[in-house]
Ligand code: A2P
């Protein structure tokens, strides 16, 4: 008896599940090789560009990005095919039962799983986060409880504190989680607008404790990253909401950018602009528990153009000095030298080094993408000055769920 066997080289193709994807653009923003793109319908991965770095996997709020099919390497799913999908195709027979994962992919996957290659972990003592309770098909309907401008009247940016009330609907969130907002209407191609993600700015027991509400910090987008005038669909929708309006909300999302729960744990927080939302949530959580004297320290580095542009400036300054160590960096004060958060991190290198080295300290960075490299460089300098090695410390912090980054 003879058998004929066709040998095909198998590729484990990286795909995005269109049924779960909420079109938040996180993967496209994260991908360092520009392999992810989208049209009005789907987000897709170009097999010719994806190098399996896995950078996109952990930031995805739904897990839609973590989809794979084993295919004939010579015939991967094309971009045109992926753009036409409503759901992922079934696994084809090409590899039925095969374990043929290319060596390079297998290596990268295992490194990522170990938490050293871009995967993120929550602090060991974080509370259990609920995710994906409300989907695009079944969003929660929140009512606007208030919409207050946070930036000064003469500030160039319009940043707002928006309170959403959930009434009888359970919408449990933890500090550091995000929710998705579904703007009403359709885009230029006639399809519903994509969901937009916002960090929750209030602690887990609500903007007002036991009122089943939460708050967001939203900046009205009037220009793109290059300074060209644009009108942000979701941010303008949110900033224009009036008390009593209804809003469709999905989520919550996020299972790693969470705060530690154990007594004695410290928070080292670095943010710019609306990146202050999760820092406000965590700070407020700790403030409400001051009387419990659980210990631990809070240190905050916060960057804004001028004081009038800094969300929560007034309330921040009223916090007791022995509760939180606040360091404000202003970049555009007339007659003063430009300051960024990383400059202040260097200025406070002794305290920062002590916190970085402390096993119960968690680091949180949220805000402009541009500050990511600058802050890492500042931490590297701090370590150098204090006989620590950042290249060793950073992977350890990540693996221990003590380094949390969210930039946009
Ligand atoms: P800049 O005055 O140079 O824009 P924004 O108001 O645009 O949200 O920015 C918040 C703050 O973050 C501003 O002070 C801004 O300074 C500052 N910033 C801009 N780029 C960086 C960067 N690469 N690292 C740290 N801070 C930055």
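Numbering (our numbering), first residue to last: 198 to 605. Ideal placement from N, C-alpha and C gives every residue a C-beta, glycine not left out. All figures in this text were calculated on a predicted structure; none of them were measured in a lab.
- Here residue 264 carries a strand assignment [DSSP, helix/strand/coil].
- For residue 219, the closest C-alpha among the options 391, 453, 476 and 414 is that of 391.
- Around the C-beta of residue 514, fewer than 16 other C-beta atoms lie within 10 Å, and the residue is accordingly described as exposed.
- Taken atom to atom, the span from the alpha-carbon of residue 410 to that of residue 340 is near 9 Å.
- The residue among 206, 335, 228 and 281 with its C-alpha nearest the C-alpha of residue 272 is 206.
- Annotated as proximal: residue 371 and residue 449, with beta-carbon spacing under 9 Å.
- Here residue 452 is actually not in contact with residue 560; their C-beta atoms are around 18 Å apart, not less than 8 Å.
- Counted as a single uninterrupted DSSP element, the stretch harbouring residue 537 is not any beta strand (DSSP E), since DSSP gives it neither H nor E.
- The beta carbon of residue 426 sits closer than 8 Å to those of 419 and 420, all from its chain and outside the five residues before and after it, given in chain order.
- Three or more beta-carbon pairs separated by less than 8 Å link the segment 208–228 to the segment 279–289, which places the two stretches in contact.
- In the pairwise beta carbon analysis, the segment 434–441 is classified as touching the segment 330–349: at least three pairs are separated by under 8 Å.
- In the three-state reduction of the DSSP assignment, residue 572 falls in the helix class.
- Inside the segment 365–413, DSSP marks no whole alpha helix (DSSP H) run of 4 or more residues.
- Cβ atoms of residue 603 and residue 454 come within 8 Å of each other, at about 6 Å.
- With a cut-off of 8 Å, the C-beta of residue 539 is classified as near the ligand A2P, since at least one heavy atom of the ligand falls inside that distance.
- The beta carbon of residue 483 is closer than 7 Å to those of 495 in its chain, skipping five residues each way along the sequence.
- Inclusion of residue 574 and residue 539 in the CB contact set at 9 Å is warranted, their separation being smaller than that value.
- Residue 416 counts as buried, since no fewer than 16 other beta carbons sit within 10 angstroms of its beta carbon.
- Residue state for residue 279 is assigned as helix, using DSSP reduced to three classes.
- Assignment of residue 434 by DSSP, reduced to helix, strand and coil, places it in the helix class.
- Within the segment 484–514, the complete alpha helix (DSSP H) runs of at least 4 residues fall at 510–514.
- The three-state reading of DSSP puts residue 216 in coil, since its state is none of H, G, I, E or B.
- Under the three-state reduction of DSSP, residue 475 is assigned to helix.
- Every beta strand (DSSP E) stretch that sits fully inside the segment 316–359 and reaches 3 residues is listed by chain position as 337–346.
- For residue 604, the enclosing beta strand (DSSP E) begins and ends at 600–604.
- Counting C-beta atoms within 10 angstroms of its own C-beta, residue 428 has fewer than 16 neighbours from the protein chains shown and is therefore classed as exposed.
- Residue 233 is a Cβ neighbour of residue 253, given a cutoff of 9 Å.
- Remark: the C-beta of residue 533 is outside contact range of the ligand A2P, defined as less than 8 Å to any heavy atom.
- In the three-state scheme derived from DSSP, where H, G and I count as helix and E and B as strand, residue 557 is classed as coil.
- By the Cβ-count criterion, residue 338 is exposed, with fewer than 16 other Cβ atoms from all chains shown falling within 10 Å of its own Cβ.
- Apart from sequence neighbours up to five positions away, the residues of its chain that approach residue 240 with a beta-carbon distance below 7 Å are 213, 218, 220, 224, 225 and 233, ordered along the chain.
- Nearest neighbour of residue 441 by Cα position, chosen from 568, 364, 459 and 403, turns out to be 364.
- Apart from sequence neighbours up to five positions away, the residues of its chain that approach residue 227 with a beta-carbon distance below 6 Å are 252, 253 and 256, ordered along the chain.
- Taking non-hydrogen atoms of the ligand A2P into account, the C-beta of residue 466 is found less than 8 Å away from none of them.
- Per DSSP, the beta-bridge partners of residue 526 are 500.
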